[in-house]
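Number of protein chains: 2
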Amino acid sequence: MAGNTASTGVDSAGSATSGGPVGAPRRLRSDAQRNIDSLLEAAKAAFGTSGVDAPAKEIADLAGVGVGTLYRHFPQRSDLVVAVIQRDIDACADAASTLSAANEPGVALAKWLFRYTEFLATKRGLAAALHSGDPAFDALPGYFFERLGPVLGSLLEAAIASGEIRAGISPKDLLYAVANLSLPVADEGVAYSQRMVALLIDGLRYGAELQRS
Amino acid sequence: MAGNTASTGVDSAGSATSGGPVGAPRRLRSDAQRNIDSLLEAAKAAFGTSGVDAPAKEIADLAGVGVGTLYRHFPQRSDLVVAVIQRDIDACADAASTLSAANEPGVALAKWLFRYTEFLATKRGLAAALHSGDPAFDALPGYFFERLGPVLGSLLEAAIASGEIRAGISPKDLLYAVANLSLPVADEGVAYSQRMVALLIDGLRYGAELQRS
DNA sequence: TTGCTAAACGGAAAGCAATTCCGTATACTA
DNA sequence: TAGTATACGGAATTGCTTTCCGTTTAGCAA
Chain A
0 MAGNTASTGV
10 DSAGSATSGG
20 PVGAPRRLRS
30 DAQRNIDSLL
40 EAAKAAFGTS
50 GVDAPAKEIA
60 DLAGVGVGTL
70 YRHFPQRSDL
80 VVAVIQRDID
90 ACADAASTLS
100 AANEPGVALA
110 KWLFRYTEFL
120 ATKRGLAAAL
130 HSGDPAFDAL
140 PGYFFERLGP
150 VLGSLLEAAI
160 ASGEIRAGIS
170 PKDLLYAVAN
180 LSLPVADEGV
190 AYSQRMVALL
200 IDGLRYGAEL
210 QRS
Chain B
0 MAGNTASTGV
10 DSAGSATSGG
20 PVGAPRRLRS
30 DAQRNIDSLL
40 EAAKAAFGTS
50 GVDAPAKEIA
60 DLAGVGVGTL
70 YRHFPQRSDL
80 VVAVIQRDID
90 ACADAASTLS
100 AANEPGVALA
110 KWLFRYTEFL
120 ATKRGLAAAL
130 HSGDPAFDAL
140 PGYFFERLGP
150 VLGSLLEAAI
160 ASGEIRAGIS
170 PKDLLYAVAN
180 LSLPVADEGV
190 AYSQRMVALL
200 IDGLRYGAEL
210 QRS
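Top to bottom, those sequences are chains A and B. Under numbering that gives the first Met the number 0, the letters of the first sequence match residues 0 to 212, in that order. Under numbering that gives the first Met the number 0, the letters of the second sequence match residues 0 to 212, in that order.
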């Protein structure tokens with residue numbers, strides 16, 4: 000779970016001067032670890048209540064720590080946002096593998112995409128941050144793909160092999176396309192997103208039979 | 000062109016001589032109008048250079064006015080953003096009618112969608128604002144649709160009539176779907192957006208022949 | 001257990017950008 | 001040409017992020 004280390008650094012390089020095994024950055028003190036967890040919990044709650052722009056103070060209070068502590072672990076407000084999102088990405092990836100094991104290839108693909116859609120729908124404001132242009136979020140899309148890409152990749156591969164879906168679409172493209180389609184627009188809700196995703200899936204089915212056999 | 004009046008009010012009504020009836024807003028003073036124009040120009044430039052988060056001061060300086068003046072015409076920073084976007088929406092709508100007059104229905108539809116895609120691509124940060132959840136932008140999607148909906152509606156209608164596209168998709172859905180797909184993701188450029196839009200169009204073609212005749 | 005020290009804490013203060021206020025300047029009208 | 005509503009500029013206010021630093025504490029060794 001990447002989120003836990005925050006971006007305080009804990010840079011992988013241990014610069015081995017002490018002769019010990021490289022990359023042993025010294026373990027986090029227990030209270031620090033506890034506070035990081037509290038902060039992530041609090042942040043998730045605050046983002047849900049007050050949106051991504053919830054003041055740092057509000058989050059710190061909710062977590063029962065001072066703002067100084069918040070900034071010790073998450074040097075920039077955006078680092079907290081990133082950590083929270085990464086946590087949820089991990090959860091989604093895990094759910095995917097379970098789902099793929101219990102369904103037919105084509106069904107598994109569609110089901111997972113809809114599940115993914117719902118997952119994104121709960122993000123709302125968080126997803127917006129992704130597109131804010133703030134360099135602080137530059138790493139997120141990468142993490143997104145790194146984590147979910149392989150999962151969707153297998154689903155896709157299986158569905159193509161069974162002839163239900165045409166080849167030629169990359170996991171990355173599909174991942175991002177659905178993410179974008181799931182952004183909240185106007186007064187429409189999740190229903191809109193799902194309609195659009197369904198349309199995209201039809202696009203994938205278009206011409207699939209030509210490749211069969 | 001809605002942008003010019005800013006949100007200071009100045010509702011469309013004009014006329015009304017001296018002892019006029021209720022709601023004669025009184026025309027804008029010439030220097031005020033000039034400053035509003037300068038501000039819109041400056042804002043567009045600043046957004047391009049420093050992103051949507053360009054400081055108000057920067058924009059005011061660029062326009063050669065004080066921040067007080069900026070806030071007089073655009074009470075909230077977001078009002079400026081809205082005005083700039085509306086301007087560009089209008090331009091896109093106009094281009095659409097021209098295009099639709101010079102092409103076959105199906106071609107016109109596809110061409111316009113790609114043109115629309117490119118238009119959105121230049122917005123980048125601005126588009127992100129749309130999804131920020133800030134209530135200040137609530138009116139934008141409405142304007143977006145009000146202006147572009149009818150245009151895309153005609154294109155769509157014609158393409159459906161010619162049997163190239165299946166019925167059942169609303170202009171609104173398509174408009175928003177493409178807008179979302181055009182959001183910048185990761186390191187991909189416009190090419191990505193266009194690939195996805197093409198996929199969506201294929202989705203529309205899927206099953207079209209079944210409805211023919 | 002006790003003592004020591006690096007690590008972590010909390011919250012006051014500093015830094016910044018958005019927004020408001022208000023005295024001054026100016027475009028219109030009579 | 002004078003009078004007045006409008007508009008102007010920029011200093012002051014406000015609210016939030018981020019930094020700083022004296023105080024507290026977990027983890028370790030004697």
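Just so you know, even glycine gets a beta-carbon here, dropped at the ideal spot from N, CA and C. Predicted model only: the values in this text are computed from it and were never measured.
Going by C-alpha positions, F118/A is about 47 Å away from G63/B. Of all alpha-carbon atoms in D89/A, G162/A, E145/A and Q193/A, the one lying nearest the alpha-carbon of P170/A is that of E145/A. A straight line joining the alpha-carbon of S37/A with that of L61/A spans about 8 Å.
Counting along the chain, Y175/B sits inside the alpha helix (DSSP H) bounded by residues P170 to L180. Excluding sequence positions up to five before and after M195/A, its CB lies within less than 6 Å of the CB of L180, all in the same chain and listed in chain order. Taking 8 Å as the cut-off, the beta carbon of I200/B is found closer than this to the beta carbon of L112/B.
The region 157-169 of chain A makes no contact with the region 131-140 of chain A; the number of CB pairs closer than 8 Å stays below 3. In the structure shown, the three-state DSSP call for G202/A is helix. Cβ contact annotation for S49/A (same chain, cutoff 8 Å, sequence separation greater than five): E57, in chain order.
Annotation for V66/B: A55, K56 and A59 place their beta carbon closer than 7 Å to its own, counting only its chain and skipping 5 residues before and after.
Proximity to F143/A across S192/A, A190/A, Y191/A and D87/A peaks at D87/A, based on C-alpha coordinates. For A176/A, the nearest beta carbon of chain B is closer than 8 Å to its own beta carbon. Residue environment for A166/A: exposed (fewer than 16 other C-beta atoms within 10 angstroms of its C-beta).
Pairing A53/B with N34/B, the inter-Cα distance amounts to about 18 Å. Just measuring C-alpha positions, the residue of D89/A, L151/A and I164/A sitting nearest Y175/A is L151/A. Around N102/B, the same chain offers K110 as residues with beta carbons nearer than 8 Å, after the five sequence neighbours per side are excluded. Selection K43/A, A94/A and L108/A evaluated against S77/A yields K43/A as nearest (Cα-Cα). The alpha-carbon of A178/B is positioned some 27 Å away from that of A92/A. Assigned with DSSP and collapsed to three states, G65/A falls in coil, not helix or strand. Between the alpha carbons of T97/A and A90/B lies a distance of about 49 Å. The CB of Y205/B comes closer than 7 Å to the CB of D201, G202, R204 and Y205 in chain A, given here in chain order.
A Cβ-Cβ separation of about 14 Å leaves A107/A out of contact with L147/A under the 8 Å criterion.
When CB distances to chain A are screened at a threshold of 7 Å, not a single residue of the region 56-86 of chain B falls below it.
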